[in-house]
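In the working numbering, the protein residues as written are 31 to 631.
Here a beta-carbon is modelled for each residue, glycine too, at the ideal position from N, C-alpha and C.
On a predicted model such as this, the values are computed, not experimentally measured, just so you know.
Working notes, beginning with the structure itself.
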Ligand code: NAP
């Protein structure tokens, strides 16, 4: 595999990507160092404390530093600072001194140990070596005042580079990390750990961070919340993030599974749009929007469970979104910083359902929609449920709402002029044939893929079944509906429809760029959907065709495609063969095999 760094595009910032290297043996570390280089990292952190049975020998340190293909950061983290070394302090400090003398480009010394270290070295340090003085807080992120005095204390030790790592208890904690980063007088490495702190790592170049840590793969983190190098370069366009880059993102909880960052960042990059789209794990949407209130935070998609609460946070709300009572897209106006909320959910879903009906020969009613006069059963009364109900009502359908909390179903049905059901009632509800069913709950979503909101028997009364769940694309509900002879419309179609709308709103540009990208994406999904259908009667555990779709969008896959290497062609043959054998082999195994063939770790 060639250096994937070559595919990372023009670099517009100086923030480095540092791969933590953790392994039991020196030989394993050397292998990981080479992988770090080919993945596009700028330097590696040698986590010497992770070596098993090493006593910090001169030879090990020399080998690691001299054989490393990238600049080095040498760390020997003790257990009292979250590391794995539990030996005596003098040997540890002596090893750090040795690493410095043997040519490490950076050494990391904990704030608590820096005085002792300086006594040992008598202040001598090769000019090449930069001293990082670090502080780790695994409990929380202190107040801004406390963070500022911590940075000042570290700076006063004579550190060349300040490092502070805190724990993000809430995403708003990261704003304080950004503040101290942007105002630091010396180079600074700063991050808030954990999933809620992810943006501190992704947006580090925007605030002038010295480096960000990123891993060689999932499960290889040296601290919670580190992204992979592949995602940093391939999904988040890390090299292109600059101080004036606008920030977009998806607000939700949970949110890590969302594929929106991949979609928008690809589109942004293809047109050179100066924006980055990130995952935002938000607990309180009001606090989030009040904290990140500058016009740099330019637009947000909004998903579970915040779509309704966010309505109150907007300065202006589109009338349709107001009547739905849910906003899934928030734009911060660049002239006055005001928040404008709208709802793009129903457009994609309703259009896809109409298209499906027309394609099966259903004629448009007098109002121009095949939904006119049809009985439209919505499962769920949350944001997506309301959006679908209002959208279908506007097309002339008769609405029935079924929800786990019956009271919510009744309230929505009353407002919209429809009928309410409990979820249990659905299994015996069959007043007429040719009905439409739309699931707008998360039932059947990964990891609960065996769940379904309604029995297979009851699905026989429906002409078309839609499921808002995107992962997996074909849920149990859709699979059983298909087996009963109903048309099926997937959540992916809804997702793509609303993404198109949001892209135009975020960028102010026509969606044609996104359209061409989505076109390709759609084709892969359809192809994979077909493969899945071939496998569905066998013993396939193929769960989510989108895994492969996402894999084909990775830099590794594209690099191989561009080179047209033998390995790649070989891999393609194997994908085809496996596609036909889908009955026997699931997606994860297929992916694993392809990775081996392509030599990707
Ligand atoms: P929401 O506002 O939080 O509403 C969730 C709804 O699901 C509520 O009606 C809730 O019932 C019901 N629900 C949740 N868990 C349930 C369970 N275990 N059993 C029965 N009912 C359950 O969320 P939302 O924004 O409407 O999103 C709902 C779903 O649509 C999610 O799966 C989301 O991923 C999907 N979605 C997809 C797209 C797309 O583009 N494909 C767009 C938007 C949403 P209660 O009232 O009883 O709590």
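The ligand NAP heavy atom lying under 7 Å from the CB of residue 532: no
Distance CB(residue 198)-CB(residue 227) smaller than 8 Å: yes
heavy atom of the ligand NAP below 7 Å from residue 375 C-beta: If you check the C-beta of residue 375 against the ligand NAP, you find a heavy atom less than 7 Å away.
Among 413, 448, 282, 345, the one whose alpha carbon lies nearest that of residue 407: Measuring from the Cα of residue 407, the nearest candidate turns out to be 448.
Contact belief for residue 281 with residue 312 at Cβ below 8 Å, rounded distance in angstroms: 5 Å
Cα-Cα separation between residue 246 and residue 345, rounded to whole angstroms: 43 Å
Beta-carbon contacts of residue 295 that lie in its chain and below 8 Å, excluding the five residues immediately before and after: 265, 266, 267, 306, 307
Given residue 453 as reference, the closest of 537, 359, 436, 42 once Cα atoms are compared: 436
Identity of the residue in 383, 254, 516, 439 nearest residue 221 by Cα: 254
DSSP bridge partner residues for residue 49 (one or two, in chain order): 74
For residue 268, the three-state DSSP class (helix, strand or coil): Assignment of residue 268 by DSSP, reduced to helix, strand and coil, places it in the helix class.
Distance between residue 176 and residue 276 (C-alpha atoms, nearest Å): Near 28 Å, if we compare the C-alpha coordinates of residue 176 and residue 276.
Simplified DSSP assignment, three categories, for residue 586: Any reading at residue 586 is ruled out, since the residue's pLDDT is 41, under 50, leaving its predicted position unreliable.
Three-pair Cβ contact test at 8 Å for the stretch 320-328 versus the stretch 290-304: no
Distance between beta carbons of residue 507 and residue 469, contact taken as under 8 Å: 6 Å
From 303, 309, 304, residue whose alpha carbon lies closest to that of residue 292: 309
Any 3 or more C-beta pairs closer than 8 Å across the stretch 500-514 and the stretch 469-483: yes
DSSP-derived helix/strand/coil call for residue 469: strand
Sheet register partners of residue 222 (DSSP bridge): 196
Boundaries of the alpha helix (DSSP H) in which residue 127 is found, first to last residue: 119-131
Cβ neighbour criterion (16 or more within 10 Å) applied to residue 418: buried
Reduced DSSP category for residue 286 - H, G, I as helix; E, B as strand; rest coil: coil
Expected contact under 8 Å - CB spacing of residue 537 and residue 303 to nearest Å: 6 Å
Chain-order list of residues whose beta-carbon lies under 7 Å from that of residue 480 (same chain, five-residue window excluded): Annotation for residue 480: 506 place their beta carbon closer than 7 Å to its own, counting only its chain and skipping 5 residues before and after.
Beta-carbon separation (whole angstroms), residue 428 vs residue 442, contact threshold 8 Å: That pair is no contact at about 14 Å.
Distance cut-off 7 Å: residue 498 Cβ against heavy atoms of the ligand NAP: yes
Delimiting residues of the alpha helix (DSSP H) encompassing residue 89: 88-97
Any non-hydrogen atom of the ligand NAP within 7 Å of residue 433 CB: yes
For residue 309, the first and last residue of its enclosing beta strand (DSSP E): 305-311
Distance CB(residue 485)-CB(residue 463) smaller than 8 Å: Contact: no.
Unbroken beta strand (DSSP E) run spanning residue 497, endpoints: 492-497
Contact set for residue 364: own chain, Cβ-Cβ below 6 Å, skip 5 residues either direction: 325
Meets three-Cβ-pair contact criterion under 8 Å: the stretch 396-405 and the stretch 351-371: As far as the Cβ criterion goes, the stretch 396-405 does not touch the stretch 351-371, which means the pair count is below three.
Residue 530 - DSSP class collapsed to helix/strand/coil: helix
Helix, strand or coil at residue 336 according to DSSP, with G and I counted as helix: The three-state secondary structure of residue 336, taken from DSSP, is coil.
Contacts around residue 132, its chain only, beta-carbon distance under 7 Å, and the 5 residues preceding and following it disregarded: For residue 132, where only same-chain residues beyond five positions count, the Cβ hits under 7 Å are 91, 92, 95.
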